[in-house]
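S.K.: First residue of the sequence shown? That's 1 in UniProt numbering, and the numbers climb one at a time after it. Backbone N, C-alpha and C fix where the C-beta goes; we use that ideal spot for every residue, glycine too.
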Amino acid sequence: MSSSEKYGVFGYRFQEPAVQPIYQLYATGYEKMDSLLYEWDGMKRTDGPLYLFQYTVSGCGQLELGDQRFSVPAGTAFMVEIPGKHRYFARDNGNGDNGNDDENGTPWEFYFVLFRQQHLGELWSAMLDSLGPLPTFPMDSPVIRMLQLIYAEARHGRIEDVHQASSLVYQFMMELSRSRSAERRQRSSWPDKVQRAAAYMEQHYTRPESLDDIAAAAGSSKYHLTRTFAEATGMTLLAYMTRLRMEKATQLLRQSPLSVHEVALAVGYTSGSYFSKVFRSWTGFPPSEFREAQELPATWRFMFD
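#1: Please classify L37 as buried or exposed, where buried requires at least 16 neighbouring CB atoms within 10 angstroms.
#2: At what residue ranges does the stretch 64-88 contain a whole run of the beta strand (DSSP E), taking only runs of 3 or more?
#3: Please list the terminal residues of the continuous alpha helix (DSSP H) segment that includes S288.
#4: From residue 307 to V72, what distance separates their C-alpha atoms?
#5: Tell me the DSSP bridge mates of S58?
#6: Is there contact here, the stretch 265-275 with the stretch 196-206, by at least three beta-carbon pairs under 8 Å?
#7: What residues match up with E39 in a beta bridge as DSSP calls it?
#8: Spatial neighbours of K85 within its chain, please: CB distance less than 8 Å, with the 5 preceding and 5 following residues excluded, ordered by chain position.
#9: Output needed for E109: all residues of its chain with C-beta closer than 6 Å, excluding positions within five of it in sequence on either side, in chain order.
#10: So, using beta-carbon positions, are R116 and W40 closer together than 9 Å?
#11: State the DSSP-derived secondary structure class of M235, mapped to helix, strand or coil.
#12: How should D97 be labelled, buried or exposed, when 16 other C-beta atoms within 10 angstroms of its C-beta is the threshold for buried?
#13: Assign F172 to one of three DSSP states: helix, strand, or coil.
#14: Per DSSP, L31 forms a beta bridge with which residues?
#15: Among A249, I22, W190, which residue has its Cα nearest to the Cα of Q164?
#16: Please tell me whether R180 and G234 are closer than 9 Å, where the distance is taken between their beta carbons.
#17: Find the nearest neighbour of T28 within the set F89, S259, A239, Y51, judged by alpha-carbon distance.
#18: Give the C-beta separation of M146 and E175 to the nearest angstrom, bearing in mind that I take them to be a contact with Cβ-Cβ under 8 Å.
#19: Judging by CA-CA distance, which residue of L225, F290, H119 is the nearest neighbour of L253?
#20: Per DSSP, what are the beta-bridge partners of L25 in this structure?
#21: Quick one: residues in its chain with C-beta nearer than 7 Å to the C-beta of P191, no 5 flanking neighbours on either side, listed in chain order?
#22: What do you reckon, are the CB atoms on L238 and L258 nearer than 9 Å?
#23: Give the C-beta separation of Y240 and A199 to the nearest angstrom, bearing in mind that I take them to be a contact with Cβ-Cβ under 8 Å.
#24: Look at the alpha carbon of W282 and the alpha carbon of F137, and state the distance between them as a whole number of angstroms.
#25: Decide if G105 is buried, meaning its Cβ has at least 16 other Cβ atoms within 10 Å, or exposed.
#26: For R145, which of helix, strand or coil comes out of DSSP?
#27: Once DSSP output is grouped into helix, strand and coil, what is the label at G132?
#28: What do you reckon, are the CB atoms on A249 and P286 nearer than 9 Å?
#29: Here's the rule: buried if 16 or more other CB atoms are within 10 angstroms of the residue's CB, otherwise exposed. What is D102?
#30: From what residue to what residue does the alpha helix (DSSP H) around L211 run?
#31: With burial defined as no fewer than 16 other Cβ atoms inside 10 Å of the residue's Cβ, what is the status of P107: buried or exposed?
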């Protein structure tokens with residue numbers, strides 16, 4: 001395959017079944033822009049309503065969002081809605097024209113995918129809120145591998161029906177969602193006070209600690225810690241503590257002779273009945289039934305996200 005043959009743009013117009021929600025793939029492409037005319041204005045396009053995810057492989061593009069202008073270098077994506085108040089184009093090379101090269105003379109090379117908005121609005125908005133309009137991803141990240149897979153499937157003529165196309169859209173959106181969850185699980189990225197709070201809860205979940213105790217151990221006010229902990233981890237302080245307790249409780253119920261009340265005390269609850277209520281809300285089982293449940297013979301311990 002010659003270098004020019006690896007690029008292309010492929011569009012899809014499948015009929016949506018009436019009886020089920022389908023995520024509609026509109027187009028996918030892999031391009032290297034050598035034309036000074038490459039420019040898209042989100043308010044002038046007639047192909048919407050659409051969602052666009054575009055990722056720079058090499059070179060650098062420009063994105064205007066409202067009154068702000070951003071560079072889109074290698075490793076950076078942008079997420080926009082069509083129609084919308086945005087414009088993206090090749091980078092100004094500093095010579096008075098709207099050239100497409102970065103400082104090293106590299107053309108703007110990128111993958112993109114376009115989706116119809118039906119059934120995706122809430123999920124797309126959530127991803128935009130959590131990732132921002134210009135998220136960064138390594139080339140070998142699951143998100144970009146999925147983007148490349150969609151293009152490869154299109155290029156080789158393997159997207160043959162609406163269900164297959166919908167599955168690819170869904171997988172891509174799930175990788176976006178998973179990327180945010182993975183980022184939050186990377187403890188090294190958490191602020192120091194959040195890390196101290198998490199470590200304190202992991203060491204003291206067997207005791208009935210209060211939010212004031214946790215905040216004091218982290219060296220923060222309760223109100224500030226509550227906000228920053230949720231922003232960094234995606235969980236409230238209470239949910240993080242409860243998750244630790246539930247994971248240990250499932251283990252004790254399956255692997256120890258302790259009574260339900262004794263398990264409750266062992267994981268920091270003073271009330272067996274309250275423990276039972278919380279346990280059921282997290283696992284779907286009362287503690288006694290979880291211990292005896294034949295449908296979970298190999299489940300010694302549950303892990304919660």
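M.R.: In short:
#1: exposed
#2: 68-73, 77-82
#3: 287-292
#4: Given that the chain is displayed from residue 1 to residue 305, the structure contains no residue 307 and the question cannot be resolved.
#5: E109
#6: yes
#7: F89
#8: G42, M43, L65, G66
#9: K32, V57, S58, G59
#10: no
#11: coil
#12: Note on D97: pLDDT 42, under 50, position unreliable in the model; the coordinate value appears next. Exposed, since its Cβ has fewer than 16 Cβ neighbours within 10 Å.
#13: helix
#14: The sequence as given places Glu at residue 31; Leu does not occur at that position. According to DSSP, which records beta bridges pairwise, E31 is partnered with F110.
#15: I22
#16: yes
#17: Y51
#18: 5 Å
#19: F290
#20: F115
#21: T228, A232
#22: no
#23: That belief does not hold up - the Cβ atoms of Y240 and A199 are roughly 11 Å apart, past 8 Å.
#24: 33 Å
#25: Here G105 scores only 49 on pLDDT, less than 50, and its place in the model is too uncertain to base an answer on.
#26: helix
#27: coil
#28: no
#29: With a pLDDT of 45 at D102, under the threshold of 50, the predicted position of this residue should be treated as unreliable, though the coordinate-derived value follows. Buried, by the Cβ-count rule.
#30: 211-218
#31: buried
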